[in-house]
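Number of protein chains: 2
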Amino acid sequence: MRTYLDCYPCFLRQALEAARQLGADERKQKIVLERVLELLRGIELSSTPPQIGDRVHRLVREELGSSDPYRAFKESATREALALLPRLRNAVRESADPLDTAVRLSIAGNIIDAGIRGSYELWPTVERVLSQPFAVEDLDALRERLARVPLLLYLADNAGETVFDRVLITALGVPVVYAVKGAPILNDATLEDARMAGVDREAQLLSTGSDAPGTILGRCSERFRQEFADAQLVIAKGQGNYETLSTQGSKVFFLLQAKCPVIARDLGVPVGSIVLRQGGGSDGSVADRSR
Amino acid sequence: MRTYLDCYPCFLRQALEAARQLGADERKQKIVLERVLELLRGIELSSTPPQIGDRVHRLVREELGSSDPYRAFKESATREALALLPRLRNAVRESADPLDTAVRLSIAGNIIDAGIRGSYELWPTVERVLSQPFAVEDLDALRERLARVPLLLYLADNAGETVFDRVLITALGVPVVYAVKGAPILNDATLEDARMAGVDREAQLLSTGSDAPGTILGRCSERFRQEFADAQLVIAKGQGNYETLSTQGSKVFFLLQAKCPVIARDLGVPVGSIVLRQGGGSDGSVADRSR
């Protein structure tokens with residue numbers, strides 16, 4: 007997905023929030039914002055938003071000398087989610103359609119997002135998503151693929167959401183390779199965050215080798231790119247993965263909450279929607295779905 | 007009130023929305039945004055937000071060659087409010103405390119605001135504000151002043167809100183000079199907008215001589231500045247007037263809805279609050295209230 011002009015205010019807001027997460031004083035925050043203003047003057051709208059976000063957050067980390075502004079946020083989100091794990095597992099156990107419920111729970115966990123304005127409440131979100139109709143629901147296509155693949159690649163999004171992913175992984179009935187960021191970006195999960203959430207008990211962990219938001223294949227390791235190319239089924243969590251992989255073919259299934267108005271418009275759904283969407287076009291091709 | 011870094015994303019958003027109001031295509035919108043990015047790199051946080059907003063909106067008007075991007079918005083808001091006028095007058099007539107009700111209605115009308123993100127519904131807002139507790143309520147001080155002044159100066163905010171102001175003006179029981187912008191800025195009311203709302207039937211209209219948001223006294227006409235200096239009571243509507251006049255002494259009463267998080271924080275109230283606040287310090291002095 008390309009970048010829209012509506013993304014500009016959001017990049018500024020994200021940079022400001024990241025600087026504050028690091029305890030920067032207002033003078034330092036202003037220096038960061040002025041560098042972001044300069045960066046935004048030169049961007050191409052044909053880039054995906056995560057490509058710009060990557061540069062914005064890199065700049066914040068450089069300017070403020072921190073490698074992980076969202077460490078505390080991520081740990082707290084993971085602890086909060088772990089406390090819910092027994093209730094989440096129970097919801098799947100008691101469900102007439104465990105896969106549907108587990109998919110919903112994984113999408114519910116996608117509410118955890120430091121890149122979005124505003125706050126959230128975790129358990130009320132779970133209850134909402136368990137009963138909310140899907141705006142896009144390609145569950146039958148997902149079931150069909152699941153029945154005929156030997157394993158699948160699962161692209162993680164945020165720390166804490168990882169705990170919700172564990173519940174889905176268990177319900178998939180197929181071995182899972184769980185890919186996380188190679189280094190901190192926003193509150194995206196890294197290997198360390200995934201281990202804190204206990205995902206290594208359910209899946210094989212893999213680093214994408216990249217610290218850009220979403221999954222920018224050109225920025226990932228050779229090892230990860232090979233894994234992505236070989237996979238016959240990819241579950242891609244969250245808006246960033248949709249923004250960067252929406253043209254990667256029908257083997258990719260996007261699970262997300264549409265929290266951003268620009269992405270919601272691109273998906274053709276209202277803000278607040280829950281989405282399970284199969285990617286378009288033929289597997290593995292690039293830019294095969296014009297919007 | 008000074009400018010905060012949180013205002014930067016908002017200036018960008020406002021510029022983008024104004025460009026779209028004018029039907030600018032994306033290429034033109036991008037040119038406007040890039041000029042705003044450049045402008046924001048050079049601003050001083052000691053300026054008030056309306057001082058920056060003034061430069062942002064001037065730039066949009068210059069770049070897109072329009073003197074009044076919000077003309078259609080203003081006319082539509084005024085028509086919608088006029089349709090409610092009989093119900094508004096009725097609410098005051100039936101009230102046990104007509105001044106309290108009229109003040110609330112005037113504040114309800116302050117929901118009409120093209121500078122704020124999101125949409126609103128007018129009548130539900132009226133119903134909410136009629137029953138909502140004030141976050142700040144200096145009504146007794148206002149009553150006391152009203153009883154001993156020969157006339158008052160009323161600083162308008164937005165077109166459409168003007169209709170709600172008519173209802174308050176009638177309930178004040180004191181002759182009113184109603185001051186509007188000298189030329190279009192955002193959806194602020196001008197002489198033309200005030201006449202369309204019929205305010206000239208209730209009050210004497212006066213132009214501030216300025217097309218900056220809020221009331222930047224240094225940008226106003228000599229005539230208006232004299233009127234402001236002579237006034238023993240000033241009713242100032244909306245956030246922009248609070249941002250620019252919060253240090254102008256106890257003769258100024260601010261009536262507004264706190265729609266912006268930064269202003270709400272400055273006022274010490276939650277977003278969504280309704281506020282009737284007497285200004286601090288001694289009458290007419292400048293910068294006599296340090297925050």
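Just so you know, the sequences run in chain order A and B. In this text, residue positions in the first sequence follow our numbering: the first is 7, and each later residue adds one. In this text, residue positions in the second sequence follow our numbering: the first is 7, and each later residue adds one. Virtual Cβ for every residue (Gly too), placed ideally from N, Cα, C. Quick caveat, the model's predicted, so the values are computed rather than measured.
Item to check | V109/A (DSSP reduced to helix, strand or coil) | outcome: helix
Next on the checklist: I need the DSSP call for L28/B, collapsed to helix, strand or coil.
Outcome noted: coil
Item to check | Assigned exposure category for S291/B - 16 Cβ within 10 Å defines buried | outcome: In this prediction, S291/B has a pLDDT of 38, which is less than 50 and means its spatial position is unreliable; nothing more can be read from the coordinates.
Checklist entry - If you draw a straight line from the alpha carbon of D294/B to that of S52/B, how long is it in whole angstroms? => result The predicted model places D294/B with a pLDDT of 35, which falls under 50 and marks its position as unreliable; any figure quoted below should be read in that light. Taking the CA atoms as reference points, D294/B sits about 16 Å from S52/B.
Next on the checklist: Counting only C-beta atoms, is Y126/A closer than 8 Å to chain B at any point?
Outcome noted: Closer than 8 Å: no.
Next on the checklist: With distance defined between alpha-carbon atoms, name the residue in E23/A, R229/A and R225/A nearest to Y76/A.
Outcome noted: E23/A
Next on the checklist: Counting C-beta neighbours from all protein chains within 10 Å, is the total for Q232/A 16 or more, i.e. buried, or is it exposed?
Outcome noted: With fewer than 16 other Cβ atoms from the protein chains shown falling within 10 Å of its own Cβ, Q232/A counts as exposed.
Checklist entry - Residues of chain B with a CB under 9 Å from the CB of D12/A: which are they? => result R19 and L22
Next on the checklist: Taking the beta strand (DSSP E) that Q284/A belongs to, which residues open and close that run?
Outcome noted: Note, Q284/A: beta strand (DSSP E), I280 to Q284.
Checklist entry - When the Cβ atoms of the segment 41 to 59 of chain A are set against those of the segment 165 to 180 of chain A, are three or more pairs found closer than 8 Å? => result no
Item to check | Three-pair Cβ contact test at 8 Å for the segment 254 to 272 of chain A versus the segment 113 to 122 of chain A | outcome: The segment 254 to 272 of chain A is in contact with the segment 113 to 122 of chain A.
Checklist entry - Counting only beta-carbon atoms, is R8/A nearer than 8 Å to chain B? => result no
Checklist entry - What number of angstroms, rounded off, separates the C-alpha of S288/A from the C-alpha of S252/A? => result Low per-residue confidence applies at S288/A: pLDDT is 47, beneath 50, and the placement is therefore not dependable, though the value from the model is reported in the following sentence. Going by the C-alpha atoms only, they are around 12 Å apart.
Item to check | Burial state of N116/A (16 or more Cβ within 10 Å) | outcome: Using a 10 angstroms sphere on the CB of N116/A, the tally of other CB atoms reaches 16 or more, which defines it as buried.
Next on the checklist: To be precise: take each residue of the segment 28 to 50 of chain A, compare its Cβ to all Cβ atoms of chain B, and keep it if any distance is under 8 Å. Which residues remain?
Outcome noted: E32, Q35, K36, L39, E40, L43, E44, L46 and R47
Checklist entry - Does the distance from the CB of E81/B to the CB of M7/B come in under 8 Å? => result no
Item to check | Beta-carbon spacing of Q35/A, R41/A below 8 Å | outcome: no
Checklist entry - Buried or exposed: F17/A, going by 16 or more other Cβ atoms within 10 Å of its Cβ? => result buried
Checklist entry - Three-state secondary structure (DSSP) at L51/B? => result coil
Checklist entry - For P15/A and chain B, any beta-carbon pair shorter than 8 Å? => result yes
Item to check | Closest Cα partner of D163/B within the set L39/B, V186/B and T84/B | outcome: V186/B
Item to check | Among S256/A, F260/A, V205/A and F234/A, nearest to G246/A - alpha-carbon criterion | outcome: F260/A
Item to check | Opening and closing residue of the alpha helix (DSSP H) in which S213/A lies | outcome: S213/A: not part of any alpha helix (DSSP H); member of the beta strand (DSSP E) spanning Q210 to S213, first to last residue.
Next on the checklist: DSSP three-state label for Y248/A, please.
Outcome noted: Three-state result, Y248/A: helix.
Next on the checklist: Extract the residue ranges of the alpha helix (DSSP H) inside the segment 69 to 147 of chain B, only unbroken runs of 4 or more that lie entirely within it.
Outcome noted: 77 to 99, 104 to 115 and 128 to 137
Checklist entry - Rounded C-beta distance between R229/B and S216/B? I'm assuming under 8 Å. => result That pair is no contact at about 12 Å.
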